[in-house]
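Residue 1 is where the sequence shown starts when you use UniProt numbering, and the numbers rise one by one after that.
C-beta atoms are modelled at their ideal positions from N, C-alpha and C, and glycine is treated no differently.
All values derive from a computational prediction rather than experimental measurement.
Structure record follows, encoded as structure tokens.
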Amino acid sequence: MEKVLLLHSSSDGQTVKILKYIEKNLGEGCACELVDLNTITSVNFADYSRVLIGASIRYGHLNKKLYKFIENNLLALKQAKVGFFCVNLTARKEGKNTPETSVYMKTFLRRSPWQPELQAVFAGALRYPRYGWLDRMMIQFIMRITGGETDTSKEVEYTDWQKVEAFADRFKSF
């Protein structure tokens, strides 16, 4: 049985939901371990046939612990089969939803000494009722500026699950 590590840095849970979807897509031949990137500093990559890292963007930035993890594990990341995706609300728009067109992925690749071979960008979810007052107001302001949903009573999932499934298939054969 293939052992796969699914690492996440998630703000509101959509990144974890995407990883669980990918886990299901990998099938019964895979034993997947889902781990919060914020709780570990290093991984024995030799224990896994492949690794997938999913990270969300919050207020325009990836979690600093992601960069620290990369720094601590750079050699292993370069030698192992490791894919990477980021999740953000900007990716809900056509032309901002690929590794080549996402400002967040471009920034990540510029800042990171690790350049993953397998990359993706997925749209996240807007969960107004679940946010605290300050987050709700800040995100509503950002959505107003970018032409997004501003009704704070709504939850909207922008994730394109067909795109996630296609990425899962690529990860499977990676």
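Integer-rounded CB distance, given that residue j should sit under 8 Å from residue i
i     : j      : result
Tyr67 : Ser112 : 7 Å
Ser56 : Ser102 : Wrong, their Cβ atoms sit about 13 Å apart, outside the cutoff.
Gly83 : Leu118 : 4 Å
Ala80 : Phe108 : At roughly 18 Å, the Cβ-Cβ gap does not stay under 8 Å, so Ala80 and Phe108 are not in contact.
Where the beta strand (DSSP E) containing residue i begins and where it ends
i      : result
Lys3   : Glu2 to Ser9
Gln115 : Looking at the DSSP string, Gln115 is not in any beta strand (DSSP E), and its letter there is neither H nor E.
Arg144 : From DSSP, Arg144 is part of no beta strand (DSSP E) but of the alpha helix (DSSP H) over Trp133 to Thr146.
Leu26  : Here Leu26 belongs to no beta strand (DSSP E); instead the alpha helix (DSSP H) covers Gln14 to Leu26.
First through last residue of the alpha helix (DSSP H) which encompasses residue i
i      : result
Glu165 : Trp161 to Lys172
CB of residue i within 7 Å of CB of residue j, strictly
i     : j      : result
Phe85 : Ala125 : no
Lys65 : Asn38  : yes
Ile18 : Val164 : yes
Leu5  : Glu33  : yes
Lys3  : Ser49  : yes
Leu62 : Trp114 : no
List, from N- to C-terminal side, the alpha helix (DSSP H) runs of 4 residues or more that fit wholly inside the segment 57-125. The qualifying runs are 64-72, 74-79 and 103-111.
Below 8 Å, how does it come out for the segment 146-163 and the segment 125-135: are there three or more Cβ pairs, yes or no? In the pairwise beta carbon analysis, the segment 146-163 is classified as touching the segment 125-135: at least three pairs are separated by under 8 Å.
Which full runs of the beta strand (DSSP E) of 3+ residues lie inside the segment 25-54, going along the chain? Runs of beta strand (DSSP E) with 3 or more residues, each lying fully within the segment 25-54, are found at 30-36, listed in chain order.
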